[in-house]
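Residue numbers (the numbering used here), protein chains in the order written: chain A, 748 to 943; chain B, 748 to 943. Ideal placement from N, C-alpha and C gives every residue a C-beta, glycine not left out. Since the model is a prediction, treat every value here as computed from it, not as a measurement.
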DNA sequence: TCAAAAGATTAACTCGGTCAATCTTTTGCC
DNA sequence: GGCAAAAGATTGACCGAGTTAATCTTTTGA
């Protein structure tokens, strides 16, 4: 039984998120108050904060879906961690997945632009990545080497994705960038010395 | 001429920082309001914010002195970057420098404990490190390899320092930890593949 | 000694986030 | 189908961080 209540909750959730992102893209994150958003979605401010813990989460919850992804992938795979994540990143490039930065859909571009150029959001993104790093280190077995490797793997993904976003953001198409992106990914992952 | 004005500014600055840290250590960062601190230092709230841009900075300005240190060291040295930073870290261990985590003075321990266990402060620390990373990447010549190396170097320092702090925080003396700290530093820096 | 500049103060304000009390809606049960 | 209880939303007041503008005091340099 998919309760009516559930559906209304989902609706309110989506209405808030969509209203928020629309307003943020239009006026900028810092120039929109949570009161504006609550009003746009026809709910009260306390209600808004029942759905999203912080103003930032109105934007970041989309990315939050990928939390601990690296740890999950490594845990689920029988291949060595570096290979697993390198292969996954390459596949992401192929599929133009937003997490690789290689996506030139105008909405995605605008969304990423919002995140990267708003310091409160960039900071929150970094908090997510720190979390991912801790989770990955655990899956890698813990200890100094695991922590170092986890940090290096996630730094690598972050830097590759950011460089791709920069290129796309500079006007290059995803297809045009693809070849360089793949080269960079191969070079970057090749620099990583595996565990053991 | 060291103006009277300058001296008073310095006094107010120190009074604020000391009052703040004392109160934070006593009651916890989130349980002290900036109004409390301003009152303790006998100034008004707007005056406090002329000296420190944020509540966090009342704590973090001490660490902020070391900003861009890695970039400065590498720029000033004629040795290869990895050697330079590894040597500097080892020297820091010898001297029990707080940045290495290997310092068991009760005040230092309490201070680090405050920073690491207060999420607002840990977040601000991470912002500093991101800044350091960008600066280091520039000094390393920019480009993919420089960015990857900068990230790896600073991750390495962060992880080593945190592990040392954990050990000290768990009751071990700095002297007792020293040998393991040195071994870990050597192992960690040895994992790093230099540029070129 | 005095004019000008620097700095501090007060008071009021914005905004993010929380809380407590009240009211509405949904749901599960008879 | 109707109803009690629980879940959720609303309102309004509140807190704390940080800002702003107007006023006042102090330092400075001529």
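Kindly say whether residue 789 of chain A, judged by its beta-carbon, lies nearer than 8 angstroms to any beta-carbon of chain B.
-> no
Do residue 745 of chain A and residue 897 of chain A have their C-beta atoms within less than 8 angstroms of each other?
-> Absent from the structure is residue 745 of chain A, since the part of chain A shown begins at 748 and ends at 943.
By a C-beta neighbour count over all protein chains shown, 10 Å radius and 16 as the cutoff for buried, is residue 826 of chain B buried or exposed?
-> The residue is exposed, with fewer than 16 neighbouring Cβ atoms inside 10 Å.
Please confirm whether residue 907 of chain B and residue 931 of chain B have their CB atoms less than 8 angstroms apart.
-> yes
Alpha carbon of residue 819 of chain A to alpha carbon of residue 834 of chain A, nearest angstrom = 14 angstroms
Starting from the beta carbon of residue 898 of chain A, find every residue of chain B whose beta carbon is closer than 7 angstroms, and list them in chain order.
-> 902, 906
Measure the C-alpha to C-alpha separation of residue 851 of chain B and residue 792 of chain B and round it to an integer number of angstroms.
-> Rounded to the nearest angstrom, the two C-alpha atoms are 34 angstroms apart.
Contiguous alpha helix (DSSP H) assignments of at least 4 residues, all confined to the stretch 748-829 of chain B | Runs found: 751-774, 781-787, 792-798, 804-811, 816-823.
Pair within 8 angstroms by beta-carbon distance, residue 941 of chain A and residue 829 of chain A = Yes, the pair counts as a contact, with Cβ atoms nearer than the cut-off.
Which residues, taken in chain order from the stretch 847-870 of chain A, show a beta carbon closer than 8 angstroms to some beta carbon of chain B?
-> 870
Counting pairs of Cβ atoms below 8 angstroms between the stretch 799-814 of chain A and the stretch 768-778 of chain A, do you hit three or more?
-> yes
Cβ of residue 748 of chain B less than 8 angstroms from any chain A Cβ?
-> Reliability of the predicted coordinates at residue 748 of chain B is poor, the pLDDT of 39 falling under 50, and the value obtained from them is presented with this limitation in mind. Residue 748 of chain B does not count as touching chain A.
Neighbour list for residue 877 of chain B in chain A, Cβ cutoff strictly below 8 angstroms = 873
Going along the chain, which residues of its own chain have a beta-carbon closer than 6 angstroms to the beta-carbon of residue 798 of chain A, five neighbours each way excluded?
-> 760, 763
Alpha-carbon to alpha-carbon, residue 794 of chain B and residue 923 of chain A = 53 angstroms
Distance CB(residue 770 of chain A)-CB(residue 788 of chain A) smaller than 8 angstroms | no
Use the C-beta contact count for residue 841 of chain B: other C-beta atoms within 10 angstroms, 16 or more gives buried, fewer gives exposed.
-> By the neighbour-count rule (16 or more Cβ atoms within 10 Å), residue 841 of chain B is not buried but exposed.
Distance CB(residue 849 of chain A)-CB(residue 810 of chain A) smaller than 8 angstroms | no
Of all Cβ atoms in chain B, is any one closer than 8 angstroms to the Cβ of residue 894 of chain A?
-> yes
With burial defined as no fewer than 16 other Cβ atoms inside 10 Å of the residue's Cβ, what is the status of residue 926 of chain A: buried or exposed?
-> exposed
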